[in-house]
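In what follows, a structure is listed as structure tokens, so that the remarks can point back to it.
In the numbering used here, the protein residues as written are 757 to 957.
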């Protein structure tokens, strides 16, 4: 009996470590609003932000946001989700630091969990503490239950983010949404099942 309990405990620990590691490391892009080439872009001032309107067809849990820009100096970003109707901020990440660079690259948020509800629209984007170069396209992407709204909102005040106004229509900023890979979800579910069985025994 004692050996069985030790074995179960070891299995649980291994699964927990694997699940936590995969939860942070494994994700897949489920939607990308950027279809190259960009049509125009340029400098955007510090202490501000942008967000792109995305319509959601069915409930979907997302675990990551990525944005495409060029950091002109070392600075911090916050990734945000805003209700498409009320313009209330429903998710604001912690600040994440990025280095200065000479070209555009994708910036990935830390892993989080947020459920987007079907039938709703959200502005998804980021706040920046420093000046950046940003670029837009004019393609209305639509797949995996998401559709670009071709509408960009201007955001203000990095330390206390606020919705300012819709600044562009007919274009969207480059935003990616990520979800856990199936293997991650399987391991998380398996770990939870073993824990529940052990607690009952």
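Ideal placement from N, C-alpha and C gives every residue a C-beta, glycine not left out.
Whole-number beta carbon distance between residue j and residue i, since they are thought to touch under 8 Å
{"i": "residue 878", "j": "residue 812", "result": "7 Å"}
{"i": "residue 965", "j": "residue 805", "result": "The structure shown does not extend to residue 965, since the chain is modelled only from 757 to 957, so the question has no answer here."}
{"i": "residue 913", "j": "residue 799", "result": "About 19 Å; that fails the 8 Å criterion."}
{"i": "residue 787", "j": "residue 893", "result": "That pair is no contact at about 14 Å."}
{"i": "residue 909", "j": "residue 824", "result": "So it is not a contact: roughly 17 Å between Cβ atoms."}
{"i": "residue 861", "j": "residue 891", "result": "Not really, about 12 Å apart at Cβ, beyond 8 Å."}
Residue i classed as buried or exposed, judged by whether at least 16 other C-beta atoms fall within 10 angstroms
{"i": "residue 873", "result": "exposed"}
{"i": "residue 838", "result": "buried"}
{"i": "residue 841", "result": "exposed"}
{"i": "residue 907", "result": "buried"}
{"i": "residue 819", "result": "buried"}
{"i": "residue 856", "result": "exposed"}
{"i": "residue 795", "result": "exposed"}
Identity of the residue in the options nearest residue i by Cα
{"i": "residue 919", "options": "906, 930 and 880", "result": "880"}
{"i": "residue 865", "options": "796, 915 and 854", "result": "854"}
{"i": "residue 808", "options": "917, 882 and 916", "result": "882"}
{"i": "residue 845", "options": "803, 917, 928 and 929", "result": "917"}
{"i": "residue 803", "options": "824, 832, 825 and 815", "result": "832"}
{"i": "residue 851", "options": "817, 867 and 925", "result": "867"}
Alpha-carbon to alpha-carbon, residue j and residue i
{"i": "residue 869", "j": "residue 858", "result": "32 Å"}
{"i": "residue 887", "j": "residue 899", "result": "32 Å"}
{"i": "residue 905", "j": "residue 885", "result": "26 Å"}
{"i": "residue 780", "j": "residue 895", "result": "Caution is warranted here: a pLDDT of 49 is assigned to residue 780, below 50, making its placement in the model unreliable, and no coordinate value can be reported."}
{"i": "residue 897", "j": "residue 792", "result": "12 Å"}
{"i": "residue 829", "j": "residue 810", "result": "29 Å"}
{"i": "residue 915", "j": "residue 875", "result": "31 Å"}
{"i": "residue 827", "j": "residue 835", "result": "15 Å"}
{"i": "residue 815", "j": "residue 801", "result": "35 Å"}
{"i": "residue 901", "j": "residue 784", "result": "15 Å"}
{"i": "residue 871", "j": "residue 847", "result": "10 Å"}
Problem set entry | Every unbroken beta strand (DSSP E) within the segment 794 to 829, with a cutoff of 3 residues, ordered by chain | Those beta strand (DSSP E) runs which fall completely within the segment 794 to 829 and span 3+ residues are 796 to 800, 804 to 812, 816 to 818 and 820 to 827.
Exercise. Unbroken beta strand (DSSP E) runs of length 3 or more, entirely within the segment 842 to 884: which are they?
Worked result: 845 to 848, 852 to 854, 861 to 864, 870 to 872 and 877 to 884
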